[in-house]
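Position in the sequence shown (first residue = 1) + 191 = this note's numbering.
Glycine included, each C-beta is placed from N, C-alpha and C at the ideal position.
Source: prediction; values computed, not measured.
Remarks on the structure that follows.
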Amino acid sequence: MEQWRVVCGEETKWDDAIWASLRLRPRGILLFLFFLVFVYIFATRLFRLGLRRPQGLDRSILAQLGAEDQMYQISHFYRLHYLETAHKNFLVHVRGGGMMIVSMFYHDQSHYHLLVRFQGGTDFYTVDKQQLSNSFWKRVLGIEPGLQDLLGIAKPDVSVTSVVALPNTSSLQREIIALDEPAPRSDGIRVGVVYCEAHQTNENEFFSNVETSPEFEQFLELLGEKIELLGWNGHNGGLDIQKGRSGTHSVYTRWREEEIMFHVSTLLPLYKKDPQQLERKKHIGNDRVVIIFKDGDKPHPPDSIASKTNQIMILIQVCPEAEAPDRNNTYYKVSVARKKTMPRFEPPMPDPPIFCKGEAFREFLFSKVLSGLGATHYSREFTALRKLYAESSLKKFAQAHEHRHAADSSSV
């Protein structure tokens with residue numbers, strides 16, 4: 192009994208120590224929790240500081256551009272900048288049956304950048320963190336605002352009904368890049384080429400040309416190879432390759448995995464009884480980019496062909512000897528005109544715009560042509576087509592992903 196009491200006494204003293212420690216423990220637990228919060232916030236900020244961030248899209252520069260230039264610049268932003276940083280993608284359904292694809296990244300610790308794709312096109316938004324009304328605990332714990340909070344600032348007129356977070360895989364990123372394309376990728380490219388004598392400025396005149404100059408023939412050789420149309424099995428550019436109704440020959444090339452068929456005015460059929468040469472104009476008048484090779488050094492009016500489809504005119508002239516850097520090579524003087532409703536496009540023209548005949552000039556010319564073709568989709572004349580394609584692409588994307596992934600609408 193006495194031994195038991197001793198043990199009991201010891202246990203009683205030990206229990207007293209336990210209760211004493213427990214009275215101190217809530218304060219220790221609280222301090223430990225604050226320590227964890229501090230570590231979490233510090234680690235989160237450190238992680239974000241280590242992210243590679245793209246340069247933001249300069250809204251001051253965009254404000255100086257026309258609507259078509261802005262759409263063209265924004266459409267390339269995801270491919271050029273978002274892929275280089277940590278970002279998130281969402282499929283968003285809005286009231287009324289609409290939908291949006293939103294790409295978001297957190298920039299410079301104070302701004303959120305949003306690319307919002309919808310049926311009407313793509314918009315870019317910057318949301319200042321100070322505009323958001325986060326609760327105290329969200330700020331303390333470093334919990335970021337939800338996508339709905341950001342869209343409430345960026346697009347207050349839109350009522351979000353559901354949000355689906357998309358996995359940030361390379362395959363999905365490729366799908367999103369395809370969404371930013373303004374039109375379906377074609378199997379080949381078609382470009383008009385017109386031969387114009389020195390004195391000609393009217394389409395009825397130069398569409399009636401039969402004979403050409405040696406300089407023009409040399410230029411055609413630079414563009415590509417002369418091929419026979421009958422039985423041709425490559426990209427035909429809309430030319431008849433079965434019955435010869437588009438002439439017997441044309442000029443074709445392959446450049447950077449792109450097939451290009453040139454609609455050469457003097458190789459298309461000529462009908463002497465037709466002063467307008469509608470068969471020739473049928474093809475060249477429907478080309479968005481037209482190269483005009485003109486003899487002499489007189490200027491040429493860019494609106495010489497009456498066509499709503501022609502958006503870019505590239506004038507090529509042999510540089511006079513007085514302006515050429517040397518007399519041992521052929522030099523071309525190049526002028527580029529675009530319709531006012533079209534955005535600017537790369538590469539920029541050098542000053543002076545004089546090129547030595549050769550592969551370097553060919554590279555520049557084809558780069559200009561293909562870049563220009565991409566920019567024509569943002570011309571006002573093709574707005575309806577672009578919106579129709581965007582709507583169709585968004586629907587297909589949503590059908591493929593909305594049932595495959597689920598997300599809390601408040602998550603970012």
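(1) Give every residue of the same chain whose Cβ lies closer than 6 Å to the Cβ of A374, excluding the five residues on either side of it in the sequence, and list them in chain order.
(2) Does the distance from the CB of K528 to the CB of P493 come in under 8 Å?
(3) Spatial neighbours of K578 within its chain, please: C-beta separation below 8 Å, excluding the five flanking residues on both sides.
(4) State yes or no: is the beta carbon of L342 nearer than 8 Å to at least one beta carbon in chain D?
(5) Taking the alpha-carbon of F407 as reference, which of S361, H390 and F484 has the nearest alpha-carbon?
(6) Buried or exposed for G200, please, with buried defined as at least 16 other CB atoms from any protein chain shown within 10 angstroms of its CB.
(7) Return the residue from the list S353, Y269, D314 and P539 that minimises the CA-CA distance to L363.
(8) Using CA coordinates, which residue listed in D340, P544 and P358 is at the minimum distance from R322?
(9) Give the list of continuous beta strand (DSSP E) stretches no shorter than 3 residues that lie fully inside the stretch 311–389.
(10) Please state whether DSSP places A581 in a helix, a strand or coil.
(11) Along the chain, where does the alpha helix (DSSP H) that runs through Q468 open and close?
(12) List the residues that DSSP assigns as beta-bridge partners of I292.
(13) Quick one: what's got a C-beta closer than 6 Å to F536's C-beta in the same chain, skipping five residues either side?
(14) Just mark L652 as buried or exposed, buried being the case when its beta carbon has 16 or more other beta carbons within 10 Å.
(15) Under the DSSP definition of a beta bridge, which residues are partnered with H440?
(16) Output needed for S570: all residues of its chain with C-beta closer than 6 Å, excluding positions within five of it in sequence on either side, in chain order.
(17) Residues in its own chain within less than 7 Å of A589 by CB, not counting five upstream and five downstream?
(18) At a cut-off of 7 Å, is T444 close to the ligand FMN when judged by its beta-carbon and the heavy atoms of the ligand?
(19) Where L556 and N520 are concerned, what is the direct C-alpha to C-alpha distance, given to the nearest angstrom?
(20) Just grab the DSSP bridge partners of M504 for me.
(21) Can you look up Y522 in the DSSP assignment and give me helix, strand or coil?
(22) Look at H284 and G383 and say whether their C-beta atoms are less than 8 Å apart.
(23) When burial is assigned at 16 or more other CB atoms within 10 Å of the CB, is K172 buried or exposed?
(24) Among H302, L506, V385 and L306, which residue has its Cα nearest to the Cα of D319?
(25) What does the alpha-carbon distance come out to for the pair K586 and V354?
(26) Going by alpha carbons, who is nearest to M452 out of P543, P466, C510 and N424?
(27) Mark G428 as exposed unless 16 or more other C-beta atoms lie within 10 angstroms of its C-beta, in which case mark it buried.
(28) According to DSSP, is H454 helix, strand or coil?
(29) Answer yes if the stretch 456–471 comes into contact with the stretch 430–442, meaning at least three C-beta pairs across the two stretches below 8 Å, and no otherwise.
(30) Buried or exposed for V401, please, with buried defined as at least 16 other CB atoms from any protein chain shown within 10 angstroms of its CB.
Looking at the atomic coordinates:
(1) H568 and Y580
(2) The residue you asked about is not Lys; residue 528 is Ala in the sequence shown. Cβ atoms of A528 and P493: closer than 8 Å.
(3) Q310, G311 and G312
(4) The question asks about chain D, but that chain is absent: this structure has only one protein chain.
(5) F484
(6) Any reading at G200 needs caution, since the residue's pLDDT is 36, under 50, leaving its predicted position unreliable; the model's value is listed next. Looking at its Cβ environment, which holds fewer than 16 other Cβ atoms inside 10 Å, G200 is exposed.
(7) Y269
(8) Before going on, a small fix: residue 322 reads as Gln here, not Arg. Selected option, being the one with the closest Cα: D340.
(9) 312–319, 351–357 and 380–387
(10) helix
(11) Looking at the DSSP string, Q468 is not in any alpha helix (DSSP H), and its letter there is neither H nor E.
(12) L282 and R308
(13) S562, G563 and A566
(14) Nothing can be reported for residue 652: it is not among the residues displayed for the chain, which extend from 192 to 603.
(15) E419
(16) Q502, T532 and M533
(17) L282 and M290
(18) The model on display carries no ligand, and the ligand FMN is accordingly not part of it.
(19) 18 Å
(20) V481 and A528
(21) strand
(22) no
(23) Within the shown structure, residues of the chain are numbered from 192 to 603, placing residue 172 beyond reach of any answer.
(24) H302
(25) 15 Å
(26) N424
(27) buried
(28) strand
(29) yes
(30) exposed
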